[in-house]
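*Asks:* Okay, here's the structure, questions in a sec.
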Amino acid sequence: MSLLTCQDLSLGYDGREIVRGLNFTIGPGDYLCIVGENGSGKSTLMKTILGLQAPIDGKVLTGDGLKPTEIGYLPQQTVVQKDFPASVWEIVLSGCGNRMGLRPFYTKEEKQLARENIEKMGLTQLTKQCYRELSGGQQQRVLLARALCATRKMLLLDEPVSGLDPKVTAEMYDLIESLNKSDGITVIMISHDIDAAVKYADHILHIGQEIFFGTKDEYVAGGFSQAFLKGGDD
Amino acid sequence: MSEIFEKLSLYLNYPFVRYALIVGVLIALCSSLLGVTLVLKRFSFIGDGLSHVAFGAMAIAAVVGLTNEMPLVLVVTVVSAVLLLRTGQNAKIKGDAAVAMISVGALAIGYLLMNIFSKSSNLSGDVCSTLFGSTSILTLTKTEVWICGILSVLVIAVFLLFYNKIFSVTFDENFARATGTKAGAYNLLIAIVIAVIIVLAMNLVGSLLISALVIFPALSAMRVFKNFRAVTICSAVFSVSCALLGILISILAGTPIGSTIVAVDIAGFFIFFMAGALKGGIKR
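Protein sequence lines correspond, in order, to chains A and B.
Going by this note's numbering, the first sequence opens with residue 425, and the numbers climb by one from there.
Going by this note's numbering, the second sequence opens with residue 323, and the numbers climb by one from there.
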């Protein structure tokens, strides 16, 4: 069984097609990295998987008991969030929103879940802190805790290390890896960082002029990635 | 000092003064609740835009000769609010430009209509009182006070029931949508509530000063407090206190109510600004 299947997907916006003929499946416990140049359609693919945008053609199917609204999403930071007055607690708790339906308030279980995820991300000391006063790495961990409240199965990470310094970047990658390995959470990550993608992921999806989908070993072995690997060193 | 209290208790015997206080406090409370969301969503100016739309609708009502203009004004404003918040997301004309366009357009058309068709001899007085709400709060009828009360209770109830959703949608609309919150529906709800508040608030401060009621409490609270709930509660308290103080001062000093409230709001903002600077030290 696969958690997520994309069938003959064509992506784009305003009726303009960017990517066509995208086919891939993701199984439980996979770690997929989506790489490609700027403007190749990585973010559009992510929005389509999340249901924020309709595909031009083809289908995104979820299976194995995963509902489309149960994908934990780690977005890139928006301008609005930079000066938003919210505590870590409020933000993480809002990840439980997909369990609520029309119920107006959070239950004890949801609050407990939020507490657990805050602890898992090592943020317990900062629970009452204001989000905008945290460091970049701490902010990412807050958003990751929120995403974990929304899912038990699959995380979608949109360039989770952009703007972080090398040390924090490494910590972030380790954290994601432990979620994947120890908690068995499927990870889909958009990344510019090919080296890290090859190091951590087990599957690679490369979109652009040519599309590649396969395991990391196939990607490294095939001459396909060489040019991009060299070019992506900077 | 006792003179002031004597004067106040004398005025408080008049029902219209009591009405003004009740309506003033309710409107201040409602407008401050959504102010936080609007400021954070970069829609600070929607209050201004919509109030000008309401002004235009009032002009039309006056020209057509409607005795009760409230329903027409309410409908027109709600429709504009929905359109404005919708264009904010994906339109060819971006949010701030659309607000500016509608705001200026409605103001011009409203004044034009009043100018051409008005039977009143004191046109500039009429326009001035619609824009600045100079006297209308003192001429409220009992029915208007009731309507205002019921709508305020509705607004507050909606806000409390959907507080958590409003937070999610304001903080991160994409995440909310991806995890199955109907962000579009909540944006619509926010738009309708804002329109209702603005039509209510026109009685108090007039269309020009509504933005102040929406923005000042939120911005002041955000200087000092660091989480959403505290900011919301603080801005509600701030807004109500300023409105009360403003109305009392204007009664005692005989100044226009709307502008006096806004002046108190501005003073309050500076106090909070200083407090925030002291609290944050050199950091900010």
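The beta-carbon is built from N, C-alpha and C at its ideal position, and this holds for glycine as well.
Since this is a predicted model, take the numbers as computed values, not measurements.
Along the chain, which unbroken stretches of the beta strand (DSSP E) at least 3 residues long are found entirely within the stretch 535-584 of chain A?
*Replies:* Counting only runs of 3 or more, we get 578-582.
*Asks:* Which residues of the stretch 543-558 of chain B have a Cβ closer than 9 Å to any Cβ of chain A? Give them in chain order.
*Replies:* Within the stretch 543-558 of chain B, the residues whose Cβ lies closer than 9 Å to some Cβ of chain A are A543, M544, F547, K548, N549, F550, R551, A552 and V553, listed in chain order.
*Asks:* Please return the same chain residues whose Cβ sits closer than 6 Å to the Cβ of R606 of chain B, not counting the five positions on each side in sequence.
*Replies:* Because the pLDDT of R606 of chain B is 43, which lies under 50, any placement of that residue in the model is unreliable, and the number read from its coordinates should be weighed accordingly. So no residue of the chain qualifies.
*Asks:* Three or more C-beta pairs closer than 8 Å, one from the stretch 344-361 of chain B and one from the stretch 532-550 of chain B: is that the case here?
*Replies:* Taking 8 Å as the limit for Cβ pairs, the verdict is that the stretch 532-550 of chain B does touch the stretch 344-361 of chain B.
*Asks:* Look at the Cβ atom of I573 of chain B, then the Cβ atom of L330 of chain B, and state whether they are nearer than 9 Å.
*Replies:* Cβ atoms of I573 of chain B and L330 of chain B: closer than 9 Å.
*Asks:* Cβ closer than 7 Å: which chain C residues qualify as neighbours of A498 of chain B?
*Replies:* Absent from the structure is chain C; the protein chains it does hold are A and B.
*Asks:* Nearest by alpha-carbon distance to V401 of chain B: which of B:M423, B:V375, B:F493 and B:F367 is it?
*Replies:* When each option's Cα is compared against that of V401 of chain B, the closest is B:V375.
*Asks:* Using C-beta distances below 6 Å, list every residue in its chain close to P509 of chain A, excluding the 5 sequence neighbours before and after it, in chain order.
*Replies:* Excluding positions up to five away in sequence, the list is empty.
*Asks:* Give the list of continuous alpha helix (DSSP H) stretches no shorter than 4 residues that lie fully inside the stretch 468-496 of chain B.
*Replies:* If we require 4 residues or more, the alpha helix (DSSP H) runs fully inside the stretch 468-496 of chain B come out as 485-493.
*Asks:* Alpha carbon to alpha carbon, how far is C520 of chain A from A538 of chain A?
*Replies:* If I take the Cα positions, the gap works out to 8 Å.
*Asks:* Measure from the alpha carbon of A534 of chain B to the alpha carbon of each residue in B:E495, B:L348, B:Y485 and B:A585, then state which is nearest.
*Replies:* Cα-wise, what sits closest to A534 of chain B is B:A585.
*Asks:* What is the C-beta distance between K552 of chain A and S511 of chain A, in whole angstroms, given that I count them as a contact (C-beta under 8 Å)?
*Replies:* About 6 Å; that satisfies the 8 Å criterion.
*Asks:* Which residue marks the beginning of the beta strand (DSSP E) containing F529 of chain A, and which one marks its end?
*Replies:* Where F529 of chain A is concerned, there is no enclosing beta strand (DSSP E), given that its DSSP letter is neither H nor E.
*Asks:* For a contact defined as C-beta to C-beta under 7 Å, what are the partners of C554 of chain A on chain B?
*Replies:* By Cβ distance, chain B contributes K548 and N549.
*Asks:* T493 of chain A touches chain B at which residues, Cβ-Cβ below 8 Å?
*Replies:* The contacting residues are A500, T501 and G502.
*Asks:* Quick check: what's the CA-CA separation for A513 of chain B versus I588 of chain B?
*Replies:* In a straight line, the C-alpha of A513 of chain B is about 26 Å away from that of I588 of chain B.
*Asks:* Taking the alpha-carbon positions, what's the S615 of chain A to V622 of chain A distance?
*Replies:* Cα to Cα, S615 of chain A sits roughly 11 Å from V622 of chain A.
*Asks:* Can you tell me whether R364 of chain B is buried or exposed, with buried defined as 16 or more other CB within 10 angstroms of its CB?
*Replies:* Exposed is the call here.
*Asks:* Could you give the DSSP three-state label for N335 of chain B: helix, strand or coil?
*Replies:* Note: N335 of chain B maps to coil in three-state DSSP.
*Asks:* Does at least one heavy atom of the ligand ATP sit under 8 Å from the Cβ of K491 of chain A?
*Replies:* In the structure on display, the ligand ATP does not appear, and there are no ligands present to speak of.
*Asks:* Who pairs with Q431 of chain A in a beta bridge, going by DSSP?
*Replies:* According to DSSP, Q431 of chain A bridges with A:K483.
*Asks:* Please report the distance separating the alpha-carbon of M380 of chain B from that of I516 of chain B.
*Replies:* Cα to Cα, the separation comes out at about 18 Å.
*Asks:* Is any beta-carbon of chain A found at less than 9 Å from that of F560 of chain B?
*Replies:* Cβ-Cβ to chain A under 9 Å: no for F560 of chain B.
*Asks:* Under the three-state reduction of DSSP, which class applies to T593 of chain A: helix, strand or coil?
*Replies:* T593 of chain A: helix per DSSP, three-state reduction.
*Asks:* If you run the structure through DSSP and keep just helix, strand and coil, what is G463 of chain A?
*Replies:* G463 of chain A: coil per DSSP, three-state reduction.
*Asks:* Compare the C-beta of V383 of chain A with all C-beta atoms of chain B and state if any pair is closer than 9 Å.
*Replies:* Here chain A comprises residues numbered 425 to 658, so residue 383 of chain A is not present and cannot be evaluated.
*Asks:* Looking only at its own chain, which residues have a Cβ that is under 6 Å from the Cβ of S353 of chain B, when we skip the five neighbours before and after it?
*Replies:* Cβ neighbours of S353 of chain B beyond the five flanking positions: I519, A523, L535 and V536.
*Asks:* What does the Cβ neighbour count give for I604 of chain B, buried or exposed, with the cut at 16 atoms within 10 Å?
*Replies:* Low confidence applies here, because I604 of chain B scores a pLDDT of 43, under 50, leaving its location unreliable and the question unanswered by this model.
*Asks:* Does N486 of chain B have its Cβ less than 9 Å from a Cβ in chain A?
*Replies:* Cβ-Cβ to chain A under 9 Å: yes for N486 of chain B.
*Asks:* Starting from R364 of chain B, find everything on chain A with Cβ-Cβ shorter than 9 Å and list it in chain order.
*Replies:* The contacting residues are V503 and V504.
*Asks:* Does the distance from the C-beta atom of M596 of chain A to that of R565 of chain A stay below 9 Å?
*Replies:* The answer is yes: Cβ separation under 9 Å.
*Asks:* To which residues does DSSP link R440 of chain A through a beta bridge?
*Replies:* A:Y437, per the DSSP bridge assignment.
*Asks:* Helix or strand or just coil, what does DSSP make of I631 of chain A?
*Replies:* In this structure, I631 of chain A counts as coil in the three-state DSSP scheme.
*Asks:* Relative to the C-alpha of K466 of chain A, which candidate in A:L446, A:S602, A:Q562 and A:S559 has its C-alpha closest?
*Replies:* Among A:L446, A:S602, A:Q562 and A:S559, the Cα nearest to that of K466 of chain A is on A:L446.
*Asks:* Around the Cβ of R545 of chain B, are there at least 16 other Cβ atoms within 10 angstroms (buried) or fewer (exposed)?
*Replies:* Buried, because 16 or more other Cβ atoms sit within 10 Å of the Cβ of R545 of chain B.
*Asks:* Using 10 angstroms around the beta-carbon of F439 of chain B, count the other beta-carbons present and answer buried if the total reaches 16, otherwise exposed.
*Replies:* Classification for F439 of chain B: exposed.
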